[in-house]
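Protein sequences, first through last, are from chains A and B. Using our numbering, the first residue of the first sequence is number 804, and each one after it goes up by one. Using our numbering, the first residue of the second sequence is number 326, and each one after it goes up by one.
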Amino acid sequence: EAQVTQNPRYLITVTGKKLTVTCSQNMNHEYMSWYRQDPGLGLRQIYYSMNVEVTDKGDVPEGYKVSRKEKRNFPLILESPSPNQTSLYFCASSLSPGTRDNEQFFGPGTRLTVL
Amino acid sequence: GQSLEQPSEVTAVEGAIVQINCTYQTSGFYGLSWYQQHDGGAPTFLSYNALDGLEETGRFSSFLSRSDSYGYLLLQELQMKDSASYFCVLTDSWGKFQFGAGTQVVVTP
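Written out as structure tokens, the structure is:
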């Protein structure tokens, strides 16, 4: 089954404790992206990657890191989480964002709470 | 920069037609997409317009007018399962996606 998976689905942590949210897709998509969703703000793009070893900042990259060492994986790293990073996080992948094949496939989401 | 505006909520009865408008301000973009999201779920793709005009996909249609900086999503023959949030999304050619704040559609019996 074609899908995007994220782990963990739920996470409660404390300020300053490094964490990684994993994202994996099995559709051989070149493009992957991370979003955070907060009430009333829609989805905001954190980082995206057009291909392996190519990453770019979205609209809200502060406090986050990403890496793209393999096509299928795109982990999101919070080196020192703070309470304002409490949010619902989505990973997505797409065949080709700058074409008609720009449909994004989203993972199930990771609900993160930072105390 | 880019910004998109869409209504926060629309209410309609089953069987009705709903139009969700999206106006935008941007210096350039490749296309306008629409996504649906049910409470607590992942967004799912509905429709995409790269060119001006109407795109039809079953009960859903989407329209784009670049000269008016405007697009809309039309939901026909509303069903209870259409109760969800709908997002318009601007796409550029370099991988950036800009989501609107979303429109909550409430379908009543």
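Every residue, glycine too, gets a C-beta built ideally from N, C-alpha and C.
Chain B within 8 Å of residue i, Cβ atoms only
{"i": "R875 (chain A)", "result": "no"}
{"i": "E906 (chain A)", "result": "yes"}
{"i": "D859 (chain A)", "result": "yes"}
{"i": "Y813 (chain A)", "result": "no"}
{"i": "Y851 (chain A)", "result": "yes"}
{"i": "P911 (chain A)", "result": "yes"}
Per-residue DSSP class, three states only, for residue i
{"i": "D904 (chain A)", "result": "coil"}
{"i": "K860 (chain A)", "result": "strand"}
{"i": "K820 (chain A)", "result": "coil"}
{"i": "K872 (chain A)", "result": "coil"}
{"i": "M830 (chain A)", "result": "coil"}
Per DSSP, cross-strand counterpart(s) of residue i
{"i": "S890 (chain A)", "result": "A:L915"}
{"i": "G378 (chain B)", "result": "B:L389"}
{"i": "A337 (chain B)", "result": "B:V432"}
{"i": "R839 (chain A)", "result": "A:R847, A:Y892"}
{"i": "Q423 (chain B)", "result": "B:L415"}
Short CB-CB distance (under 8 Å) between residue i and chain A
{"i": "K406 (chain B)", "result": "no"}
{"i": "G356 (chain B)", "result": "yes"}
{"i": "F388 (chain B)", "result": "no"}
{"i": "Y349 (chain B)", "result": "no"}
{"i": "F370 (chain B)", "result": "yes"}
{"i": "Y373 (chain B)", "result": "yes"}
Boundaries (first-last residue) of the beta strand (DSSP E) holding residue i
{"i": "Y851 (chain A)", "result": "846-854"}
{"i": "G383 (chain B)", "result": "Run containing G383 (chain B): none; DSSP gives neither H nor E here."}
{"i": "I880 (chain A)", "result": "879-881"}
{"i": "Y360 (chain B)", "result": "356-362"}
{"i": "Q809 (chain A)", "result": "807-810"}
{"i": "Y349 (chain B)", "result": "343-351"}
{"i": "Y395 (chain B)", "result": "395-400"}
The stretch 328-347 of chain B: which residues have C-beta closer than 7 Å to a C-beta of chain A, in chain order? none
Name, going along the chain, the residues of the stretch 410-433 of chain B whose beta-carbon falls closer than 8 Å to a beta-carbon of chain A. F412, T416, D417, S418, W419, G420, K421, F422, Q423, F424, G425, A426, G427
With 7 Å as the limit, tell me which residues of the stretch 883-906 of chain A have their beta carbon closer than that to any beta carbon of chain B; keep them in chain order. Correct list: F893, P900, G901, R903, N905, E906.
In the stretch 826-849 of chain A, which residues sit with their C-beta less than 9 Å from some C-beta in chain B, listed in chain order? Y834, S836, Y838, Q840, G843, L844, G845, L846, R847, Q848
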